[in-house]
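Under this note's numbering, think of the first position of the sequence shown as 5, with each following residue one higher.
Okay, structure first, notes after.
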Amino acid sequence: MRRNDTSNIGGQAEQLAAKLLHERGFEVTNLNELRTNNPLYDLRAEKNGQTLQISVKCARAKRELRLGSPRMLRQLADGAVVMAFLPIAKGRDIDLTPGGYELWIIPGTARHD
Numbered sequence: 005m006r007r008n009d010t011s012n013i014g015g016q017a018e019q020l021a022a023k024l025l026h027e028r029g030f031e032v033t034n035l036n037e038l039r040t041n042n043p044l045y046d047l048r049a050e051k052n053g054q055t056l057q058i059s060v061k062c063a064r065a066k067r068e069l070r071l072g073s074p075r076m077l078r079q080l081a082d083g084a085v086v087m088a089f090l091p092i093a094k095g096r097d098i099d100l101t102p103g104g105y106e107l108w109i110i111p112g113t114a115r116h117d
């Protein structure tokens with residue numbers, strides 16, 4: 005049965021990603037606050053004059069996730085990243101507190117593989 009908390013979990017992952025980036029000196033804009041369900045990128049982070057586009061993905065209980073449709077994945081820029089939050093163990097719901105998730109940072113260039 006499909007759960008109806010997907011957008012809530014996704015929003016929490018975006019907030020956590022923004023917090024982690026901010027703690028590392030980035031100024032972060034949540035693009036979904038500017039346009040609901042912004043396509044492809046969720047965050048824009050800026051530091052030292054450089055801008056980084058970020059797609060945030062979150063798997064609820066599986067240690068696998070979909071990075072998007074092939075059409076959208078082709079649009080992922082080489083300089084962009086995907087911040088993928090995965091549960092610490094398969095079959096266990098993700099816990100977005102320290103120790104409850106793994107964070108994979110996937111460069112945009114990985115779309116070629």
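A virtual CB, placed ideally from N, CA and C, is assigned to each residue, including glycine.
Whose C-beta lies closer than 7 Å to the C-beta of Cys62 among residues of the same chain, with five residues either side of it excluded?
Ile13, Gly14, Ala17, Phe89, Ile98
Who does Arg48 pair with in a DSSP beta bridge?
Thr33, Gln57
Provide the residue span of the beta strand (DSSP E) that contains Pro111, from first to last.
105–111
Taking Pro91 as part of the beta strand (DSSP E), name the residues at either end of that continuous run.
Boundaries of the beta strand (DSSP E) around Pro91: 85–91.
Output needed for Leu69: all residues of its chain with C-beta closer than 8 Å, excluding positions within five of it in sequence on either side, in chain order.
Lys61, Cys62, Ala63, Ala88, Leu90
Compare the Cα-Cα distances from Lys94 to each of Gly72, Lys66, Thr101 and report the closest residue.
Looking at the Cα atoms, Lys66 is the closest of the given residues.
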